[in-house]
Amino acid sequence: MKRQYHIEMTREALGDHFSERALQVIIKANINQDRLAGMFFHDEFHFDNNAFDKGYRYMNEQRGYILATFMGTGVSPVVAWEAFGRLLHSAQDFYAHSNYVTLWLDSQTASHSAPEIEPMKKDILQSPKLCSGKVYFPMDMLYFIKPIRPLVMKLLPKDSHGWMNLDSPEQGFKFDYAIRAAVKRTQYEFNLLQTLLRPEMLVKFTDK
Ligand SMILES: [Zn+2]
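The numbering used here puts the sequence shown at residues 1 to 208.
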């Protein structure tokens, strides 16, 4: 997703829970995952190329760093905030780079429809139909050069990042679903940490 949306979603989900300085570190680490060196060959950062296992493992690792930070003595909470920012980047990109939103919309029928997108539906997360955009070189790199994008799109297969991403509103109505799901997932990740951290650790983590 574009930088501005990572920032907005993180603020919306966590603004009330963290101090401003903690939030700033979390956001900086989140958007830093989209630096040039992190854009390619790091499928786990963005859930590209069907790297679901790799992505989940990466998120678990970051969660582990957060817990380890507060187990040790005298370790700065900045380390935990940075790990949380990296974790959230993957969590948020999951909805923009996979077909989760499409599968969720397909699961909605007249007799069974939820008022809002549910970000953690087990049957979708475990569905063999769940996939994410493949990165085709060099075409998916050229995708980011806007003037030649129409030409690049003609050459890219339909299962590419270029065709599948929900990174910005230009991608159509499914973008809004991706945003809603990602905000809820961000809240879910914070709730999970609230259950894992002891109260005195949580105070240090939220810096409030
Ligand atoms: Zn990303």
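Ideal Cβ positions, reconstructed from N, Cα and C, are used throughout, including at glycine.
Quick one: what's got a C-beta closer than 8 Å to residue i's C-beta in the same chain, skipping five residues either side?
i    : result
S107 : K121, D123, I124
T206 : H17, F18, S19, A22
M139 : V152, L155, L156, S160, G162
K2   : D167, S168
R57  : E44
Using the C-alpha atoms, what's the distance from residue j back to residue i?
i    : j    : result
P199 : T69  : 14 Å
L166 : F175 : 5 Å
D159 : F52  : 16 Å
P147 : L103 : 31 Å
M164 : Q4   : 20 Å
Q62  : Q171 : 30 Å
Which residues in the same chain as residue i place their Cβ atom closer than 6 Å to its Cβ, once the five residues preceding and following it in sequence are excluded?
i   : result
V75 : T69
W81 : A22, V25, I26
Taking 7 Å as the limit between beta carbons, can you name the residues of its chain near residue i, skipping five residues before and five after?
i    : result
T10  : I26, I27, N30, L88, T186
G24  : The amino acid occupying residue 24 in the given sequence is Gln; Gly does not appear at that position. Nothing listed; no residue qualifies.
T73  : none
L196 : L67
Give the secondary structure of residue i by DSSP, where H, G and I count as helix, E and B as strand, and everything else as coil.
i    : result
K134 : strand
S160 : strand
S98  : strand
R63  : helix
Y143 : coil
H89  : helix
L36  : helix
F47  : coil
K212 : Given that the chain is displayed from residue 1 to residue 208, the structure contains no residue 212 and the question cannot be resolved.
M120 : coil
K28  : helix
K204 : helix
Just checking residue i against ligand 1 - is the residue's beta carbon closer than 6 Å to any of the ligand's heavy atoms?
i    : result
H161 : no
G46  : One detail in the question is off: residue 46 reads as His in this sequence, not Gly. Indeed, a heavy atom of ligand 1 lies less than 6 Å from the Cβ.
D43  : no
D93  : yes
D167 : no
D34  : yes
Is the beta carbon of residue i sitting closer than 7 Å to the one on residue j?
i    : j    : result
A181 : Y95  : yes
S98  : G55  : no
K134 : N49  : yes
P119 : K208 : no
F47  : S132 : yes
Q33  : F41  : no
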